[in-house]
Amino acid sequence: MGGNSSSHAEKRTEPQNGTRLQRRNTACINGNVWLDKRWTNVPALEEFEILRKLGEGGFGEVFLAKHNVDKQLFAIKALNKKHVVAHGQGMSVIIESEVMVAMSYPFVLRMHGAFQDEKYFYIQLEYASGGDLFQHVVRMIGFPEEWSCIYLAEVALALDHVHQHGFLYRDLKLENVLVMNDGHIKLGDFGLAAKVWKPHLEQVGTPSHMAPEVLKGESYDSTVDWWAAGIVFVEMVLGDSPFPKLGRDMGLEELIAYFESGMHLQVLQASLLKTTSANARTLVESLLRPSPRQRLCSLSSLQQHPLYTNFDFPALIELRIPGPLAPRVQLQLHRSSDSADDTGSHNDSRSQRRMSRRSRATSNREMSSASLSSEESDKYNSVSSQKVHHVEVLFSQLANFRTTIVQKAGKGVRSMAELEV
């Protein structure tokens, strides 16, 4: 690998400006979506033992569940149907499921199934026992450069895979990069994913990671994901937000002018000078150029950058390069098994929250009977049942499609045409 990497044993110090990373809310400024038609019950909630609540977001909750037959652990994302439809997010749920149905890749979280009952859509996900990158970056106050390069490479491979399948990710941040028990990462939470084939103007994502063209309300493409990758890389090596005061001290127009002037690059070069190699700093500059036409915005460009001159991407894809966080994750799991605690994390990026490290076990009955306040009930009971039904049908078709993929995968599928239902 090009450049000098930081020592693993190097002592990390608190950021000099006294700020620390804090979990960020995903924002949807003007992202209303319309509904379509497709969904049935493939697995059922009764097939799982709900162990505990992992987290919650604007439209539902995520639970750790154990399958009753094979005892495998999964994360079950439960989305309240009326909440989803009332907020115009029906198609977002469908697209999120569509993306995950299409993905089968080492660095993308796997969707195992989908089902529904009267109140909820359920998405059955691979369980990330190591939490998310955010919690590890905060605890370590940043990663050594070598670690950051490995994780940026995995994120870049995941983004390229998503883009090659015709989708934008649009919400890349540390909170959405999940850590598996082998120390490698997987991209999760596709709630803001969108199809590439049409121009996009929606100002959606997490404000601290939005590219200038998104902030300006201009048409954008997959280059916005590479800008966010640059922000994530800086957060990993600094252990801090690259622009901690932006958004608090600047209005939108001021912020746009700041980026367009290139002032942010000067600030970053100074911040990174003592902790990173020259090659790492030039990579940051390439990823965070204000003009999308001048930005580093492809996997091939990243692979050709001097920082990755001697990096073995094929070995990484085959997971022959050890995941840097593996020892920490294994230690966490050992402590977790001793204390009946759990540090796994599946973020619903629509709501800022910290995982409870000692959340009490939640039964299937408690999850199914979650209720709204009387005021909320009045609001959501007015939602058109026809709209809810449209999303239910879509969800059923996707669930059936995912089941077909799983069944045919064992028989050796040669082409996507064989998966048509």
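The sequence shown begins at 1 in full-length UniProt numbering and counts up by one.
Note that the Cβ used here is the ideal one computed from N, Cα and C, for glycine as well.
Contact check, residue i vs residue j, beta carbons under 8 Å
i: Ser271; j: Leu238; result: yes
i: Phe107; j: Leu157; result: yes
i: Leu319; j: Ala229; result: no
i: Asp160; j: Leu283; result: no
i: Leu109; j: Gly188; result: yes
i: Leu133; j: Val177; result: yes
i: Ser219; j: Pro199; result: yes
i: Ser148; j: Met91; result: no
i: Ala193; j: Leu168; result: yes
i: Val62; j: Leu51; result: no
i: Ile94; j: Met111; result: no
i: Ser104; j: Asn181; result: no
i: Ala102; j: His165; result: yes
i: Phe313; j: Gln303; result: yes
i: Gly217; j: Leu201; result: yes
i: Leu265; j: Glu154; result: no
i: Val232; j: Leu174; result: yes
Under the three-state DSSP convention, the category residue i falls into
i: Glu47; result: helix
i: Leu109; result: coil
i: Ile76; result: strand
i: Asp132; result: strand
i: Ile94; result: helix
i: Val62; result: strand
i: Phe115; result: strand
i: Lys81; result: helix
i: Phe121; result: strand
i: Glu318; result: coil
i: Val204; result: strand
i: Leu192; result: coil
i: His209; result: helix
i: Gly239; result: coil
i: His334; result: helix
i: Ser230; result: The sequence given here places Gly at residue 230; Ser does not occur at that position. Helix at Gly230.
i: Glu218; result: coil
Nearest neighbour of residue i, chosen from the options [CA to CA]
i: Val162; options: Asp182, Met180, Gly217, Glu96; result: Glu96
i: Leu255; options: Gly90, Glu98, Leu215; result: Leu215
i: Gln135; options: Leu325, Gln116, Asp117, Ala65; result: Leu325
i: residue 427; options: Met250, Glu285, Thr276; result: Any property of residue 427 remains undetermined from this structure, which presents the chain solely from 1 to 421.
i: Gln116; options: Thr206, Ser336, Glu47, Gln332; result: Glu47
i: Arg328; options: Val137, Lys119, Glu154, His67; result: Val137
i: Phe259; options: Leu273, Arg289, Ala280; result: Arg289
i: Asp70; options: Glu49, Val85, Lys53; result: Glu49
i: Glu56; options: Asn68, Lys77, Pro43; result: Lys77
i: Gly142; options: Gln332, His334, Pro314, Thr276; result: Thr276
i: Ala44; options: Glu118, Gln89, Val85, Glu98; result: Glu118
i: Ala86; options: Arg293, His334, Phe59; result: Phe59
i: Gln332; options: Lys66, Leu252, Arg139; result: Arg139
Beta-carbon separation (whole angstroms), residue i vs residue j, contact threshold 8 Å
i: Glu213; j: Val196; result: Actually they are not in contact, since the Cβ atoms of Glu213 and Val196 sit about 15 Å apart, beyond 8 Å.
i: Leu73; j: Leu64; result: 6 Å
i: Lys321; j: Ile150; result: At residue 321 the sequence reads Ile, which differs from the Lys that was named. Between Ile150 and Ile321 the Cβ distance is about 6 Å, and since that is below 8 Å, they are a contact.
i: Ser208; j: Cys297; result: Incorrect: roughly 20 Å between the Cβ atoms, too far for contact.
i: Ala280; j: Glu145; result: 6 Å
i: Tyr127; j: Ala75; result: 5 Å
i: Gly131; j: Val99; result: The Cβ separation is near 22 Å, so there is no contact.
Residue ranges of each alpha helix (DSSP H) within the stretch 162 to 189, 4 or longer: none
If you scan the stretch 256 to 329 from start to end, which runs of the alpha helix (DSSP H) of 4 or more residues do you find wholly inside it? 263 to 272, 278 to 287, 299 to 304, 313 to 317
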